[in-house]
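There are 2 protein chains.
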Amino acid sequence: MNTQALQDVRVLDFTQLLQGPYATQMLGDLGADVIKIEKPGTGDLYRSMTFFNEWLGDGESPCFVPWNRNKRSLAIDLKDPAAREAVLRIAAKADIVVENFRPGVLDKLGLGYEALRAINPGVIYCSATGWGADGPYVKRPGQDLLVQGLAGATFASGRRDDGPVAIGTALSDQLGALHIVYAVLAALYHRTRTGEGQRVEVNLLQSVLAFQAQDFFTVQNLGRSFERPASGIAHPGNGAPFGIYRTADGHLSIAMNPWEKIVAALGDESLHLYDDPQVRYDRRDEIYFEIERITATRTTNEWLATMLALDIWCAPVLRQEQVADDPQVRHLEAFTEVDHPKAGRVKVVNIPVKLSATPGAIRRPAPLVGEHTREVLMEYGLTPEQVDALVASGKVTAL
Amino acid sequence: MNTQALQDVRVLDFTQLLQGPYATQMLGDLGADVIKIEKPGTGDLYRSMTFFNEWLGDGESPCFVPWNRNKRSLAIDLKDPAAREAVLRIAAKADIVVENFRPGVLDKLGLGYEALRAINPGVIYCSATGWGADGPYVKRPGQDLLVQGLAGATFASGRRDDGPVAIGTALSDQLGALHIVYAVLAALYHRTRTGEGQRVEVNLLQSVLAFQAQDFFTVQNLGRSFERPASGIAHPGNGAPFGIYRTADGHLSIAMNPWEKIVAALGDESLHLYDDPQVRYDRRDEIYFEIERITATRTTNEWLATMLALDIWCAPVLRQEQVADDPQVRHLEAFTEVDHPKAGRVKVVNIPVKLSATPGAIRRPAPLVGEHTREVLMEYGLTPEQVDALVASGKVTAL
Chain A
963 MNTQALQDVR
973 VLDFTQLLQG
983 PYATQMLGDL
993 GADVIKIEKP
1003 GTGDLYRSMT
1013 FFNEWLGDGE
1023 SPCFVPWNRN
1033 KRSLAIDLKD
1043 PAAREAVLRI
1053 AAKADIVVEN
1063 FRPGVLDKLG
1073 LGYEALRAIN
1083 PGVIYCSATG
1093 WGADGPYVKR
1103 PGQDLLVQGL
1113 AGATFASGRR
1123 DDGPVAIGTA
1133 LSDQLGALHI
1143 VYAVLAALYH
1153 RTRTGEGQRV
1163 EVNLLQSVLA
1173 FQAQDFFTVQ
1183 NLGRSFERPA
1193 SGIAHPGNGA
1203 PFGIYRTADG
1213 HLSIAMNPWE
1223 KIVAALGDES
1233 LHLYDDPQVR
1243 YDRRDEIYFE
1253 IERITATRTT
1263 NEWLATMLAL
1273 DIWCAPVLRQ
1283 EQVADDPQVR
1293 HLEAFTEVDH
1303 PKAGRVKVVN
1313 IPVKLSATPG
1323 AIRRPAPLVG
1333 EHTREVLMEY
1343 GLTPEQVDAL
1353 VASGKVTAL
Chain B
963 MNTQALQDVR
973 VLDFTQLLQG
983 PYATQMLGDL
993 GADVIKIEKP
1003 GTGDLYRSMT
1013 FFNEWLGDGE
1023 SPCFVPWNRN
1033 KRSLAIDLKD
1043 PAAREAVLRI
1053 AAKADIVVEN
1063 FRPGVLDKLG
1073 LGYEALRAIN
1083 PGVIYCSATG
1093 WGADGPYVKR
1103 PGQDLLVQGL
1113 AGATFASGRR
1123 DDGPVAIGTA
1133 LSDQLGALHI
1143 VYAVLAALYH
1153 RTRTGEGQRV
1163 EVNLLQSVLA
1173 FQAQDFFTVQ
1183 NLGRSFERPA
1193 SGIAHPGNGA
1203 PFGIYRTADG
1213 HLSIAMNPWE
1223 KIVAALGDES
1233 LHLYDDPQVR
1243 YDRRDEIYFE
1253 IERITATRTT
1263 NEWLATMLAL
1273 DIWCAPVLRQ
1283 EQVADDPQVR
1293 HLEAFTEVDH
1303 PKAGRVKVVN
1313 IPVKLSATPG
1323 AIRRPAPLVG
1333 EHTREVLMEY
1343 GLTPEQVDAL
1353 VASGKVTAL
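Going down the list, the sequences are from chains A and B.
Heads up, the numbering used here is the position in the first sequence plus 962, with the first residue counted as 1.
Heads up, the numbering used here is the position in the second sequence plus 962, with the first residue counted as 1.
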């Protein structure tokens, strides 16, 4: 009996930066054996990027480490014929291959879908791109922010007088990652019944368009544009009170609720002026500021006590540095700790899904560049002498 | 040979609103047979919600329709014993059950995991909640905006002087949906090898925490908080130029690039003042406005021509109503049209992933309430007389 859902699934991972690594980490979290191919020496480009121009331990990146646990690193130069031969041995046995090079790059290296299918007919080969595998933008850089902007998503948040507002965590990349997982796991299921492998294509652009399905549906079929509110109403298509309000000591979110309950909780009968839902859409900004005038008089916890007793949909609003101390977050063990060989003991977000029979597990931290080069190459049939020769040639990095 | 990846997968879908329905639609898009259980008469609560207080055709919701294609609707009162018997017949043959009631509701109706496992040992039973299946918030309402706020996500976008900024499309719900798909497809794969079913738990809160993994990693391990920029820099942890800039006729996004190329493209040597990356972080707002002063002098297309020639990572920024006309969006056929029985011919976001051997398909539009009640009940062994009796009792709605 397997103890993890994807325990015997072999993933050959040519990805770097965020979209691909996050996807393959999700597969690894549920048990897949992920072999991460990296450039000798410097490795994944994301290792060299960071926030605030600061680093952990001896130069470890807070961008790279969170997306690469449960992987083994094979640092190898794909342009070298002997090195490529070694990679083909792995490809021949891989269930899933994921890559996010610009379209065509792996084909030129003899590692494209057709080449791998020839030696591994059942392979599921996923190409993840920014703008799609072909089309007018095929040669353009496809990056998270660029995709958010082109896909219309930056006009969906913020206030009327703002310019476009980028979503301040890599929305496109992460949606792309989740779409990779969706598509390759469906393809994997298909293969269990038919033996048939296939090519899978995922791109950031369509992932972000799918994310906005109800917005696009509205814009294209009702023929109305979303205009952002002048206040803190939380969606351009919604009326008051839906939004985030200042309190005496922080902020409180209030979602859709029967208006009578809101009026009762706020204790201001004059708000019955706005009993009509159409009025609550048309005059939402005025109503927002009326409400906030009242919420600002008491603390968040006082409002929660009053409102939750009425089953009003509300919650406290936290800053990222406050989240780990929230009682529900602690109860769920949503964060955990991992020992990293260079960064030390680090806090990480735990596996977010629970499978009762096959729970996921963090079996290893993000690897160092080439940490598993020897182990992996020998597992796939190279002799120690062959590995030494590759190391000596400079075409692989082995720790 | 199957022609869709999930062609023979049966999904019993007790979900409503957004998170669950989007998840089961993704399964349906790749071929699963999704039976949507709805309340007789009014159906899914999302059918009664909309934007701008406007509707399509005869009261169809632009919120509901985009998340419910490729499903059949069985409108049935789960509190009625005879009706519940009929649902249990479906449950007995279901591969996947998904529900997003508040924790415990389906247990009380005799449709919880233990009850269904007793009649269907291999069932994969996914409960999707807002805050998790237990813990201190188990009785609190768990809704998209509330989760965004508690999970720290609303302090990740916008500018320094803004309050919390909600992400203006249902971020939590949609991440939750993608996590349901991730977890149930992994569990399904496990079942193909072992026959073992299991309980799967997904919640909005952990889905949104996972989304911010690199932000939390930074906050918790570098011990630094993200402070949003005063300008249009697109992430609190990044320096200039990363952001969205006004042009003479719209907006342009610029991602990370070699700074020399940016200076060359903008044609202002004085920008060499900022050659040091630390300076580009510390003085990012000043730099942002310096750059915008220059980008505002030419059109977006002029800047694209100049910058793409230098392989600078940039793209035009579009409003949602402009997106369908973009050449790459058209090339990908990212939007398509579907005939809906009441809303007429509507434009929808197409299936975002491409599987070469088993492409997804939009086989049917979102159902009307109870549109498939008769068809489904008879498929699962009820006689026409039994169905008539249920209809006569008012416990099911059949169109």
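Note that beta-carbon positions come from the ideal geometry of N, C-alpha and C, so glycine has one too.
- Cβ neighbours of residue 1051 of chain A within its own chain (closer than 7 Å, five residues either side excluded): 1342 and 1343.
- For residue 996 of chain A, there is no enclosing alpha helix (DSSP H); the enclosing beta strand (DSSP E) covers residues 995-1000.
- At a Cβ-Cβ threshold of 8 Å, residue 1311 of chain A and residue 1145 of chain B do not count as neighbours.
- The beta-carbon separation of residue 1183 of chain A and residue 1033 of chain B, rounded to 19 Å, does not stay under the 8 Å limit for a contact.
- The Cβ neighbour count for residue 1081 of chain B, taken over all protein chains shown within 10 Å, is under 16; the residue is labelled exposed.
- Only residues of its own chain outside the window of five on either side were considered, and among them 1180 have a CB closer than 8 Å to the CB of residue 1186 of chain A, listed in chain order.
- Within chain B, no C-beta atom comes nearer than 9 Å to that of residue 1074 of chain A; the closest sits roughly 13 Å away.
- Closer than 9 Å at the C-beta level to chain A, one finds these residues of the stretch 1006-1019 of chain B: 1011, 1012, 1013, 1014, 1015, 1016, 1017 and 1018.
- Under the 8 Å criterion on CB atoms, residue 995 of chain B is classed as non-interfacial with respect to chain A.
- By the rule that beta-carbons nearer than 8 Å mark a contact, residue 1281 of chain B touches chain A.
- Listed along chain B, no residue sits closer than 8 Å to residue 1251 of chain A by beta-carbon distance, the nearest being about 12 Å off.
- Contact annotation for residue 1265 of chain B against chain A: no contact, minimum CB-CB distance about 13 Å [criterion: below 8 Å].
- Taking C-beta atoms as the reference points, residue 984 of chain A and residue 1136 of chain A count as a pair closer than 8 Å.
- A straight line joining the alpha-carbon of residue 1206 of chain A with that of residue 1036 of chain A spans about 47 Å.
- Residue 972 of chain A has A:995 as its beta-bridge partners, per DSSP.
- Around the CB of residue 1259 of chain B, fewer than 16 other CB atoms lie within 10 Å, so the residue is classed as exposed.
- A straight line joining the alpha-carbon of residue 975 of chain A with that of residue 1235 of chain B spans about 40 Å.
- Those residues of the stretch 1171-1183 of chain B placed with their C-beta closer than 7 Å to a C-beta in chain A are 1171, 1172, 1173, 1174, 1175, 1176, 1177, 1178, 1179, 1180, 1181, 1182 and 1183, ordered along the chain.
- When only Cα atoms are considered, residue 970 of chain A and residue 1002 of chain A end up about 27 Å apart.
- For residue 1213 of chain A, the enclosing beta strand (DSSP E) has its first and last residue at 1213-1216.
- A buried status is given to residue 1177 of chain B, since no fewer than 16 other beta-carbon atoms sit within 10 Å of its beta-carbon.
- Contact note: residue 1221 of chain B does not reach chain A at a C-beta cutoff of 7 Å; the least C-beta distance is about 13 Å.
- Residue 1134 of chain B is outside the set of residues whose beta carbon lies under 8 Å from a beta carbon in chain A.
- For residue 1182 of chain A, the enclosing alpha helix (DSSP H) begins and ends at 1175-1183.
- Residue burial annotation: residue 1161 of chain A is buried, with at least 16 other C-beta atoms found within 10 angstroms of its C-beta.
- A distance below 8 Å separates the beta carbons of residue 1169 of chain A and residue 1134 of chain A.
- Neighbours of residue 1248 of chain A across chain B, judged by C-beta separation under 7 Å, do not exist; the nearest C-beta is about 16 Å away.
- Residue 1351 of chain A and residue 1345 of chain A have their C-alpha atoms some 10 Å from each other.
- The shortest C-alpha to C-alpha distance from residue 1199 of chain B to any of B:1239, B:1220, B:1230 and B:1221 is the one to B:1239.
- Chain order gives the chain B residues near residue 1168 of chain A as 1294, 1296 and 1314, where near means a beta carbon separation below 7 Å.
- Between residue 1043 of chain B and residue 1073 of chain B, the alpha-carbon positions lie close to 12 Å from each other.
- Within the same chain, and ignoring the five residues on either side of residue 1334 of chain A in sequence, the residues whose Cβ sits closer than 7 Å to its Cβ are 1034, 1035 and 1036.
- Unbroken alpha helix (DSSP H) runs of no fewer than 4 residues, entirely contained in the stretch 1269-1299 of chain A, are found at 1282-1285 and 1289-1293, following chain order.
- The alpha-carbon of residue 1291 of chain A is positioned some 13 Å away from that of residue 1110 of chain B.
- Under a 10 Å Cβ-count criterion, residue 1139 of chain B is classified as buried, with 16 or more other Cβ atoms of the shown protein chains found around its own Cβ.
- Contact between residue 1119 of chain B and residue 1119 of chain A holds: their C-beta atoms lie close to 6 Å from each other, under 8 Å.
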